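Undergrad: Attaching a single structure in structure tokens format; questions to follow.
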Amino acid sequence: MERVAMVAAMLVLFSYLLGSIPSAYIAGRVLKGIDIRKVGDGNVGAANAYREIGPIVGVAVFIADAWKGVIAVMVAQAFASQLVAFFTGFAVVAGHNWPLYIGLRGGRGESTTIGVLSVLLPQAMLILLAVCAVPFLVTRNTMLAGAILFGPLWLVALLMGTSGALVGYSIGLPCFVGLRHFFTTRHLPDDVKQRAIYMR
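Below you can see the structure in the form of structure tokens.
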């Protein structure tokens, strides 16, 4: 039992440290010599990198941040139980949002959450990613895309016969991200807040 608990704790810590790798911050420093936290809406994530560094970099940051979620959950599944994988999913998103390496000031966690849920609910996520792709490409509205992706996820998962624990998780993790988004944008000026919503 002690060994199981130790493995679980190590996996959660690993996931937090993995999530703390600030892809957007590194890209900003290396490619443009800027601190991504001090430009745009201050978010250390793909959308702000897209606007402030460039579209290609923004997409690369999205992929890197999503892969953090994928790796954290897949490693947990390889060495521990599904319950531990749930905790590592939260830990990797928490690391992205409050990264140890740059003073706990990070992103909002959408990309990393997509990575986590794509491992845990691959079929449901594939369906909803396809559904939200068109409105996102047309409007470039990240909030709308997030609502289309995460809002009905629990229902799609339920209809596909997913376990109650996973259905609950598909509600809990996006709510965690939604609260982070609310608290990080509510203090922004209206014009900056609008830029935070659109990936242009």
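Final position of the sequence shown in the numbering used here is 1625; the numbers increase by one with none missing. Idealized CB from N, CA, C, for every residue including glycine. Here the structure is a predicted model, which is why all the values come from computation and not from measurement.
#1: Taking the beta carbon of MET1550 as the centre, do at least 16 other beta carbons fall within 10 Å, making it buried, or is it exposed?
#2: Taking ALA1572 as the reference, which of VAL1602, MET1585, LEU1546 has the closest Cα?
#3: Take the Cβ of TYR1526 as the centre, count every other Cβ of all protein chains shown within 10 Å, and call the residue buried at 16 or more, exposed below.
#4: Could you give the distance in angstroms between the alpha-carbon of MET1426 and the alpha-carbon of PRO1447?
#5: Report the rounded CA-to-CA distance for ALA1510 versus LEU1584, giving the unit in angstroms.
#6: Can you give, in chain order, each stretch of the alpha helix (DSSP H) that sits fully within the stretch 1459-1528 and has at least 4 residues?
#7: Which term fits ILE1481, buried or exposed, when burial requires 16 or more other beta carbons within 10 angstroms of its beta carbon?
#8: Going by beta carbon distance, what residues of the same chain come within less than 8 angstroms of ILE1459, once the five residues before and after it are set aside?
#9: As a quick exercise: from VAL1556, PRO1560, GLY1494, VAL1486, pick the residue whose alpha carbon is nearest that of VAL1675.
#10: Distance check for ILE1596 and ALA1471, CA to CA, integer angstroms please.
#11: So, using beta-carbon positions, are LEU1553 and LEU1591 closer together than 8 angstroms?
#12: Here's a check: name, in chain order, each residue in its chain whose Cβ is nearer than 6 angstroms to the Cβ of LEU1542, leaving out the five neighbours to either side.
#13: Using a 10 Å radius around the Cβ and a threshold of 16 neighbouring Cβ atoms, would you call GLY1528 buried or exposed?
TA: Working from what's here:
#1: buried
#2: VAL1602
#3: exposed
#4: 34 angstroms
#5: 22 angstroms
#6: 1471-1477, 1480-1504, 1507-1522
#7: exposed
#8: GLY1453, GLU1477, ILE1478
#9: Nothing in the structure corresponds to residue 1675, since the chain is present only between 1426 and 1625.
#10: 23 angstroms
#11: no
#12: MET1550
#13: exposed
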